[in-house]
Amino acid sequence: MLMGISNNSTQCTLARPAVIAGPGLFHGVDCRVRLLPAAENTGIIFRRVDLASRPEIRAHVDYVVPGSRRTILAANGATVETVEHLLSALAGLRVDNCIVELSARELPALDGSSLPFCEAILEAGMNQQTALRRTVCIAELQRISEPANGQWIECIPSFTDDLVIDYLLDYGSESALPSQSWAVQVTPEMYLREIAAARTFVMAAEVEALQAAGYGRHLTGRDLVVFRADGTVVDNRLRWSNEPVRHKILDCIGDLALSGRNFMGRIVARRSGHKLNHVMAEFLSTIENSVKILSRAA
Ligand SMILES: [Zn+2]
Numbered sequence: 002m003l004m005g006i007s008n009n010s011t012q013c014t015l016a017r018p019a020v021i022a023g024p025g026l027f028h029g030v031d032c033r034v035r036l037l038p039a040a041e042n043t044g045i046i047f048r049r050v051d052l053a054s055r056p057e058i059r060a061h062v063d064y065v066v067p068g069s070r071r072t073i074l075a076a077n078g079a080t081v082e083t084v085e086h087l088l089s090a091l092a093g094l095r096v097d098n099c100i101v102e103l104s105a106r107e108l109p110a111l112d113g114s115s116l117p118f119c120e121a122i123l124e125a126g127m128n129q130q131t132a133l134r135r136t137v138c139i140a141e142l143q144r145i146s147e148p149a150n151g152q153w154i155e156c157i158p159s160f161t162d163d164l165v166i167d168y169l170l171d172y173g174s175e176s177a178l179p180s181q182s183w184a185v186q187v188t189p190e191m192y193l194r195e196i197a198a199a200r201t202f203v204m205a206a207e208v209e210a211l212q213a214a215g216y217g218r219h220l221t222g223r224d225l226v227v228f229r230a231d232g233t234v235v236d237n238r239l240r241w242s243n244e245p246v247r248h249k250i251l252d253c254i255g256d257l258a259l260s261g262r263n264f265m266g267r268i269v270a271r272r273s274g275h276k277l278n279h280v281m282a283e284f285l286s287t288i289e290n291s292v293k294i295l296s297r298a299a
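Numbering of the sequence shown is given in the working numbering, commencing with residue 2 and proceeding in unit increments.
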């Protein structure tokens, strides 16, 4: 398989620290996050400043540990949970290098979307760095699937200079959520305008089981989107009629960022969740080492 690296722009970090705080989605524990500028080729590093040794965890698929309905990383005796929305914001706005200091194990849920993270990043401003951003593309389709669940995700070669994600959300005819599909070219402008504000959603029938397991007991229908069996929303209004599929794309962007690569091409997914997204991130993370790399002009 031939792969290419497109050096079409340079890396980016924050111009100054950004601070954002709030309780986590699952555990409800207050967490203060500081996003700090970082040197070229740092990538995204989480640092638990509430622990004595201030352990660091690199945002990389190698450190993913099993977790239900969220992405959890663990290394150096520490974990960091529900990282996908912040990683999505950083990837969507093309921030390559950042130290993420946090005062608890779970990132703030905020409004269930990545928009508040984006606003904090934009308020801090961005610094263009001189090292080139390494961007990978592929020459052959790669498909990862879980046929038993009707889930799959593909990455498809494309000559675009952007990532395109085409997602089909389809939970079957019995679901309160009608199937919806959406495709978007993930430029920073499109990310901010069309993706970032899409919020986490859950079915009302699932809420009881989650809360019985000790998760999300602090949440109300105003903190995320809860769908009733008849498809209406509890104590809230959708920001777009297809907000759920937009949020699945938001999650996908965050999970694929764990590859440590900027993939240029097309991702097509059907019902893919964190688990399959992580397998695709793992594939993308290996591209550079396993194949012949071609230089590609900007
Ligand atoms: Zn999410």
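Built from N, CA and C at the ideal position, the CB exists for glycine as well.
- Distance from the C-beta of L251 to the nearest heavy atom of ligand 1 is below 7 angstroms.
- Residue side-chain check: H61 keeps its Cβ at 7 angstroms or more from all non-hydrogen atoms of ligand 1.
- The straight-line gap separating the alpha-carbon atoms of V66 and L74 is approximately 6 angstroms.
- In the DSSP assignment, the residues bridged to S146 are W153.
- Residue range 244-257 is occupied by the alpha helix (DSSP H) that includes I254, with no beta strand (DSSP E) assigned at that position.
- Here DSSP, grouped into helix, strand and coil, assigns A140 to coil.
- Y172 is positioned such that its CB atom lies no closer than 8 angstroms to that of A270.
- A straight-line Cα-Cα distance of about 14 angstroms links R106 and E85.
- When DSSP states are grouped into helix, strand and coil, V208 belongs to the helix group.
- With a cutoff of 8 angstroms on beta-carbon distance, F202 and F228 are scored as near each other.
- According to the DSSP secondary-structure assignment, C32 is paired through a beta bridge with G23.
- The beta carbon of V235 lies closer than 7 angstroms to those of A205, G222, V227, R229 in the same chain, with the five residues before and after it left out.
- Per DSSP, reduced to three states, the secondary structure at N278 is helical.
- P109 is bridged by DSSP to G25.
- Per the C-alpha coordinates, the member of N278, L87, V165, D63 positioned closest to A19 is L87.
- Relative to the non-hydrogen atoms of ligand 1, the Cβ of H248 comes within a distance shorter than 7 angstroms of at least one.
- Three or more Cβ pairs closer than 8 angstroms define a contact, and the region 254-273 meets that threshold against the region 123-142.
- With contact defined as three or more Cβ pairs closer than 8 angstroms, the region 54-72 and the region 112-127 are not in contact.
- F118: member of the alpha helix (DSSP H) spanning 116-125, first to last residue.
- Assignment of R223 by DSSP, reduced to helix, strand and coil, places it in the coil class.
- Rounded to the nearest whole angstrom, the C-alpha separation of L193 and N237 is 22 angstroms.
- For L225, the CB contacts under 7 angstroms within the same chain, skipping 5 residues up- and downstream, are G113, R200, T201, F202, V203 in chain order.
- G215 counts as exposed, since fewer than 16 other beta carbons sit within 10 angstroms of its beta carbon.
- For G266, the uninterrupted beta strand (DSSP E) run begins and ends at 266-271, by DSSP.
- Looking at the DSSP output, E57 sits in a beta bridge with R48.
- Distances from the CA of S89 to each of V280, S286, D252, K276 were compared; the closest alpha carbon is that of D252.
- For T131, the secondary structure class from DSSP, reduced to helix, strand or coil, is strand.
- H219 has its Cβ no nearer than 7 angstroms to any heavy atom of ligand 1.
- DSSP places E102 in the uninterrupted beta strand (DSSP E) bounded by 99-103.
- Shown here for L123: not one same chain residue has a beta carbon closer than 7 angstroms to its own, the five before and five after excluded.
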